[in-house]
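One gets the working numbering by counting positions in the sequence shown from 1 and adding 381 to each.
Built from N, CA and C at the ideal position, the CB exists for glycine as well.
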Amino acid sequence: MPRTFLQELNRFDANLPLARAKTIPGQWYRDPRMELAERRGVFGAAWQFVGRSTQLEAPGSFVTADIAGEPVVIVRDDKGVLRAFFNVCRHRAACVVTEPAGTTRRLRCRYHGWTYDLAGHLQGAPEFDGVLNFRREDNGLLPIAVETWGPFVFVNLGPQPRPLHQVLAPLPEKLDGLAGLRFVEHRSYELACNWKVFVDNYLDGGYHVNSVHPSLAGVLQYSKYRTECFDLTTLQTSPLRTPHPEHADASASAVRMGEMAFYAWVFPNFMVNLYSGVMDTNVVLPLGPERCRVEIDFYISHSDGPEARAFAAESVEVGHKIQLEDVGVCEDVQRGFGSKSYDTGRYSVRREAAVHHFHKLLSAHLRRTVRGASAKRIPRGALPKAGHTAAARTQEGSRRSRLPRAR
Ligand code: FES
Ligand SMILES: [Fe+2]
């Protein structure tokens, strides 16, 4: 008999210490109910990266995004205040801003022409005279929380989210090399795996580096690779070294320099890879139970002049190659999760503390969603509904462009 959603959640015991713990089941990477619950309890409740601060500097500049199926628009208003709204017209729910990014003086819904100012106030509602009990001041765009961390802009769809700096702690003080880096290129990758496979792979404490990334292995001091877990973040660090000149692939050493590599993760899906003068960010977005998209932004400290441009291009190429190596193993793992031979696995105590931390956070967020549903008297079995409806909705969600369209 198929398990209820709560029974499925109960299969992961978050109370066991790392040395005794078993991983979340492979089924969690395939189950449409899980994807639906994650939308609500994870992506719909966590700070989500939506774009770069430099895209939102001038008054009237905006970007749009899709967070957990919710259209949002982020805009710098006339007074310089950064604002974010549900990008849903209060008249008949059309998407108000349909461009991925740009600059505007007001937000005009193309359906029937309602206009909102950059602070979200309804300014004009054509041919609405005579409508009783209708007040413009009650029909502005609904705001959502927006905050920045250096070059990154985040929004949160929750009603009273924790301040971003609390969630990020202690990453901002540990990653003090962000200032001065400039965005150079964006790339996007679609993977045939659940988004959590990508996160697990990212958080495995360098466990796969030697076997999957030979060029990166040449520059990391693997024996000194460290992982720290905080409340909603983790930080992996490794001292760098100059690879042996006869190392098979020394390409990474030319563009991954300095003394330390920093690999920071913010629950659930934002990652920062920082070296001296070089950085890339990864955002992984679900596209259904067994697909995801990884959005990567590349930054370097100097991007002017032919030499800097050549360095940037080489750096992006090295990042691209590493990404393709990860794609291969992630898609393998997803296929394995579909095998009847696999249920759960164990964690390396030495390497995989951050994977365990991620699974515990995920489990806690999903449990909170179930409790929230119970409190609202939604039958537990109905959250989320198994079967056709859930799967169909998931596919529908995946067809819509997910997050940052503004690249
Ligand atoms: S739906 Fe926006 S004006 Fe009608
Ligand atoms: Fe990797």
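- A direct Cα-Cα distance of roughly 33 Å separates residue 533 from residue 505.
- Contact between residue 570 and residue 699 does not hold, since their C-beta atoms are separated by about 15 Å, which reaches or exceeds 8 Å.
- With fewer than 16 other beta carbons inside 10 angstroms of its own, residue 592 counts as exposed.
- For residue 500, no beta strand (DSSP E) encloses it, and the DSSP letter there is neither H nor E.
- Taking the Cβ of residue 724 as the reference point, every heavy atom of ligand 2 lies at 6 Å or farther away.
- 7 Å or more divides the Cβ of residue 496 from the Cβ of residue 486.
- If you look at residue 701, you'll find it isn't in any beta strand (DSSP E); it sits in the alpha helix (DSSP H) that goes 686-718.
- For residue 535, the closest C-alpha among the options 673, 400, 425 is that of 425.
- The Cβ atoms of residue 680 and residue 601 do not sit closer than 7 Å to each other.
- In the three-state reduction of the DSSP assignment, residue 581 falls in the helix class.
- Taking 7 Å as the cut-off, the Cβ atoms of residue 725 and residue 406 count as close.
- Residue 589 places its beta carbon 7 Å or farther from that of residue 703.
- Annotated three-state conformation of residue 750 is helix, per DSSP.
- Distances from the CA of residue 716 to each of 482, 622, 575, 568 were compared; the closest alpha carbon is that of 575.
- Of the residues assessed, residue 419 falls on the buried side of the cut-off, its CB having 16 or more other CB atoms within 10 angstroms.
- Here the alpha carbons of residue 665 and residue 414 stand approximately 19 Å from one another.
- In the three-state DSSP reduction, residue 617 falls in the strand class (E or B).
- By the criterion of at least three beta-carbon pairs nearer than 8 Å, the region 546-557 is in contact with the region 642-649.
- Take the alpha-carbon of residue 513 and the one of residue 474: they are about 20 Å apart.
- Excluding its 5 nearest sequence neighbours in each direction, residue 477 has C-beta neighbours in its own chain below 6 Å: 468, 470, 488, 490, listed in chain order.
- DSSP assignment within the region 503-571 yields the following whole beta strand (DSSP E) runs of 3 residues or more, N-terminal first: 503-505, 524-530, 533-537.
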